[in-house]
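Below is one structure, written out as structure tokens; comments come after it.
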Amino acid sequence: MAESFDVIVIGGGPGGYVCALRAAQLGLKAAVVESRGALGGTCTNVGCIPSKALLQSSHFYDEANHGFAAHGIKVGKLELDLPTMMARKDDVVKQNTTGIEFLLKKNKVAYLKGFGKITKAAQGAHQVAVKGLDGKEETYVTKYVVIATGSEVTPLRGITIDEKQVVSSTGALVLPKVPKSMIVIGAGVIGLEMGSVWRRLGADVTVVEFLDFILPPMDGEVRKQAQRILEKQGMKFKLGTKVTEAKPGKDGVTVKMEPAKGGAAETATAEVVLVAIGRRAFTGGLGLAEIGVKVSNRGFVEADENYQTNVEGIFAIGDVIGGQMLAHKAEDEGVAVAEILAGHPGHINYEAIAGVVYTWPEIAGIGATEEQLKEKGIAYKVGKFPFTANGRARANGDTDGFAKILADEKTDRVLGCHIVGASAGDLIMEVAVAMEFGASSEDIARTCHAHPQLGEVIKEAALGADKRALHI
Ligand code: FAD
Ligand code: NAD
34 MAESFDVIVI GGGPGGYVCA LRAAQLGLKA AVVESRGALG GTCTNVGCIP
84 SKALLQSSHF YDEANHGFAA HGIKVGKLEL DLPTMMARKD DVVKQNTTGI
134 EFLLKKNKVA YLKGFGKITK AAQGAHQVAV KGLDGKEETY VTKYVVIATG
184 SEVTPLRGIT IDEKQVVSST GALVLPKVPK SMIVIGAGVI GLEMGSVWRR
234 LGADVTVVEF LDFILPPMDG EVRKQAQRIL EKQGMKFKLG TKVTEAKPGK
284 DGVTVKMEPA KGGAAETATA EVVLVAIGRR AFTGGLGLAE IGVKVSNRGF
334 VEADENYQTN VEGIFAIGDV IGGQMLAHKA EDEGVAVAEI LAGHPGHINY
384 EAIAGVVYTW PEIAGIGATE EQLKEKGIAY KVGKFPFTAN GRARANGDTD
434 GFAKILADEK TDRVLGCHIV GASAGDLIME VAVAMEFGAS SEDIARTCHA
484 HPQLGEVIKE AALGADKRAL HI
């Protein structure tokens, strides 16, 4: 007889494995199906973790190259050992994937290695067939299915990704040598993060973006400042430009592009081209059409406010349902679904999910942008504070950027925060907690912040919302 579970989660990424862990904590018999041979999904294997390992290593290299001299540290001739940098990155990934496997074991979650397909949708007894890595198929029965199959690279018409000369983020994480030149298509998060890695290591990087600005969902002022800082570091931008073709050849990749609003085409050549124009839901081979699970016209699985699809007992979370494609959003949806399945209320405040771009300085945003508040006609006040006026930032030599807090004009409730500056991703979490508690900018301003800390920029920005910043 087929083994049965309370919940089978298909996909072992941050959404899927966290969902299974929480379900097990709540007493449900849970299993995770994963086909890539390692747990952790896109994030741990070819996303968040390896990219952050390379961002950290390349940041050290860049600092040794350009930053140490000002501190009176002479390094002589600097040498790059790319194979060691890559091996360290692979080791970091391994530590994380094996760590997740340990967590599943510890919580008695079954790890079903193979590709999952929902073969039968029957209330209380859905069936999932798992084609093992050895080719053998096993069928399991489950009360609930959670689809957490994530996303894949969005292809660009006219361009074939060979992961050698024309790469996606996955190929950009394993380049065997530093290219002399790189054209990045898309000035989104991946373009700026991976573009930063290779620029720091010595590539001449040009980012081509369809829109007239970089980082589309971010606050306008932050976007502009971030672009200025990245340009100062040597990254080049070609905005309002559409790439129509990328042809690899012996002397590099020839890229054809034209103004997005129409006009004469031009060509440019680079050793490597990175395609980073977004990601789309991955649902291939899951059997959704056969069992009647609805998918939107953009390919995302449709789910209600409880993450249930139109088929009872089948749920979906993470990148595959769209929204912000972030690991922490997927994780929290995993927790929410597990709690709902165990009979508890599961809840996420989508207004307080921070987005962080791990360039240096970092770029981070939470809640509404000024553009969104204006569009909604919400009256707001702004408090802004530059890193250059912060003692610790000066001591560290990290004075680029600013923090901005947006608060409701009448109630003073914090509506958003946007930062470009050193450790912006860590700094923004104070505001995330404040927003979860419905805090006012006055609450943040009256919280005693340790000195000398970068976090004082947040306090000063909050004071600034009441026009009483102290150190500017
Ligand atoms: P995924 O992580 O994509 O996991 C889905 C898993 O399901 C995959 O392992 C896949 O193999 C498996 N799968 C699919 N179909 C089946 C099937 N039928 N049977 C079995 N297994 C299946 N987000 C951040 O928050 N911070 C970052 O710093 C960050 N950096 C990123 C850097 C890069 C280069 C990329 C590409 C993404 C990054 N992201 C980052 C985004 C983040 O990786 C995703 O938002 C996150 O992984 C989504 O989690 P998920 O669980 O929904 O899906
Ligand atoms: P993105 O949506 O962040 O950016 C894509 C960019 O490409 C946009 O600026 C878009 O205007 C541009 N673009 C689209 N079509 C184009 C074209 N034909 N020519 C030129 N430009 C074009 O997508 P991404 O950078 O590929 O990242 C994918 C997902 O992965 C994102 O949703 C992101 O949230 C996630 N991610 C997150 C992190 C992080 O949290 N630090 C890091 C990496 C990736």
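Numbering of the sequence shown is given in this note's numbering, commencing with residue 34 and proceeding in unit increments. Backbone N, C-alpha and C define an ideal beta-carbon position, used for all residues, glycine too.
The segment 397-451 contains, as complete beta strand (DSSP E) runs of 3+ residues, the segments 413-419 and 435-441 (chain order). Beta-bridge analysis with DSSP links Ile-216 to Thr-239 and Val-306. Counted as a single uninterrupted DSSP element, the alpha helix (DSSP H) harbouring Pro-116 occupies residues 115-139. In the three-state scheme derived from DSSP, where H, G and I count as helix and E and B as strand, Pro-378 is classed as coil. Following the DSSP letters along the chain, one finds Pro-292 inside the beta strand (DSSP E) bounded by residues 285-292. By the CB criterion at 9 Å, Gly-221 and Ile-247 fall inside the cutoff. By the neighbour-count criterion, in which a residue is buried when 16 or more other Cβ atoms sit within 10 angstroms of its Cβ, Ile-505 is exposed. In this chain, the beta strand (DSSP E) harbouring Asp-39 covers 37-43. The Cβ atoms of Gly-454 and Gly-434 lie closer than 9 Å to each other.
Between the C-alpha atoms of Leu-263 and His-104 there is a straight-line separation of about 22 Å.
Restricted to the segment 174-200, not a single alpha helix (DSSP H) segment is unbroken, complete and at least 4 residues in length. Relative to the ligand NAD, the beta carbon of Leu-189 is positioned inside 8 Å of a heavy atom.
In the structure shown, Ala-336 falls within a coil segment according to DSSP collapsed to helix, strand and coil.
Ser-68 sits in coil when the DSSP states are folded into three classes, being neither helix nor strand.
Not one heavy atom of the ligand FAD lies closer than 8 Å to the C-beta of Lys-443. One Cα belongs to Thr-342, the other to Gln-198, and the distance between them is close to 40 Å. Remark: the C-beta of Pro-47 is in contact range of the ligand FAD, defined as less than 8 Å to any heavy atom. Annotation for Lys-280: Val-286 and Thr-287 place their beta carbon closer than 7 Å to its own, counting only its chain and skipping 5 residues before and after.
A contact between stretches requires three or more CB pairs, one per stretch, nearer than 8 Å, and the segment 489-504 meets this requirement with the segment 436-452. Contact annotation: Val-255 and Ile-452 have beta-carbon atoms nearer than 9 Å.
A distance criterion of 8 Å places the beta-carbon of Ile-452 beyond contact range of the ligand FAD, judged by its closest non-hydrogen atom. Each of Leu-136, Gly-49 and Met-119 was checked against the Cα of Thr-182, and the nearest Cα belongs to Gly-49. The Cβ neighbour count for Cys-481, taken over all protein chains shown within 10 Å, is under 16; the residue is labelled exposed. The shortest CA-to-CA distance from Lys-269 to any of Leu-87, Gln-156 and Thr-239 is the one to Thr-239.
Under DSSP, Lys-280 forms a beta bridge with Thr-287.
Relative to the ligand NAD, the beta carbon of Ser-202 is positioned inside 8 Å of a heavy atom. At least 9 Å separates the beta-carbon of Gly-253 from that of Thr-392. Short of 7 Å from the beta carbon of Pro-292, and not among the five residues preceding or following it, lie these beta carbons of its own chain, in chain order: Gly-273 and Thr-274.
With respect to the 9 Å criterion, Ala-64 and Leu-145 are classified as neighbours on the basis of their beta carbons.
Secondary structure at Ala-155: coil, using DSSP grouped into helix, strand and coil.
Beyond the five residues adjoining it in sequence on each side, Ile-350 comes within less than 7 Å, by CB distance, of Gly-48, Cys-52, Val-179, Ala-181, Tyr-340, Ala-363, Glu-366, Gly-367 and Val-370 in the same chain, given in chain order. Its chain contains Thr-287, Val-288, Lys-289 and Met-290 as the residues whose beta carbon lies nearer than 8 Å to that of Thr-300, once the 5 sequence neighbours on both sides are disregarded; these appear in chain order. The ligand FAD has no heavy atom closer than 8 Å to the beta-carbon of Met-215.
The beta-carbon distance between Gly-157 and Gly-346, rounded to whole angstroms, is 7 Å. This is short enough to meet the 8 Å contact definition.
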